[in-house]
Amino acid sequence: MERLVVYRHAFRNSLIPVVTIMALQTSHLIGGALITETVFSWPGMGNLLIQAVNQRDMSIVQAAVFVISLLVILSNLLADICYRLIDPRMKYN
Numbered sequence: 006m007e008r009l010v011v012y013r014h015a016f017r018n019s020l021i022p023v024v025t026i027m028a029l030q031t032s033h034l035i036g037g038a039l040i041t042e043t044v045f046s047w048p049g050m051g052n053l054l055i056q057a058v059n060q061r062d063m064s065i066v067q068a069a070v071f072v073i074s075l076l077v078i079l080s081n082l083l084a085d086i087c088y089r090l091i092d093p094r095m096k097y098n
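In this text, residue positions in the sequence shown follow the numbering used here: the first is 6, and each later residue adds one.
As structure tokens, this is what we get:
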């Protein structure tokens with residue numbers, strides 16, 4: 006009985022800040038990946054973005070920034086969807 010009370014009340018309410026922090030940390034994760042790829046010369050989006058900036062290739066810079074922005078926006082959307090699943094009383098007006 007105690008587990009049921011903890012799951013229904015405490016656990017679900019404590020998940021909301023966790024989901025918030027995870028969504029906000031997505032941009033830091035992507036930024037850290039860009040720096041790590043540049044420092045260690047790993048092929049990837051970060052290395053491509055730095056090379057495009059150095060060569061003034063604006064179409065690649067725009068595409069990379071668009072993809073990175075899309076990932077951050079989608080993570081925030083996923084967090085909002087998770088809020089509604091965790092607590093159905095939440096409403097967005």
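We put the CB at the ideal spot given by N, CA and C, even for glycine.
Since the structure is predicted, the reported quantities are computational estimates derived from the model, not experimental observations.
*Buried or exposed (CB count within 10 angstroms, at least 16 for buried), residue 51*: Translated into positions along the sequence shown, residue 51 becomes position 46. So residue 51 ends up on the buried side.
*asked:* According to DSSP, is residue 94 part of a helix, a strand, or is it coil?
replied: Translated into the one-based positions of the sequence shown, residue 94 becomes position 89. Residue 94 falls in the coil class under three-state DSSP.
*According to DSSP, is residue 6 helix, strand or coil?*
Indexing the sequence shown from 1 puts residue 6 at position 1. Residue 6 sits in coil when the DSSP states are folded into three classes, being neither helix nor strand.
*asked:* Judging by CA-CA distance, which residue of 59, 39, 56 and 44 is the nearest neighbour of residue 73?
replied: As a working mapping, residue 73 is identified with position 68 in the sequence shown. Nearest option by C-alpha distance: 39.
*So what does DSSP say about residue 61, is it helix, strand or coil?*
Taking the first residue of the sequence shown as position 1, residue 61 is located at position 56. DSSP places residue 61 in coil when its eight states are reduced to three.
_DSSP-derived helix/strand/coil call for residue 22_ = Here residue 22 refers to the residue found at position 17 when the sequence shown is read from its first residue. Residue 22 falls in the helix class under three-state DSSP.
*Going by the beta-carbon positions, is the gap between residue 25 and residue 77 smaller than 8 Å?*
For this step, residue 25 is matched to residue 20 along the sequence shown. For this step, residue 77 is matched to residue 72 along the sequence shown. Contact flag unset, no.
_For residue 35, the nearest candidate out of 16, 49 and 94 (CA to CA)_ = Taking the sequence shown and counting its residues from 1, the one referred to as residue 35 is at position 30. Nearest option by C-alpha distance: 49.
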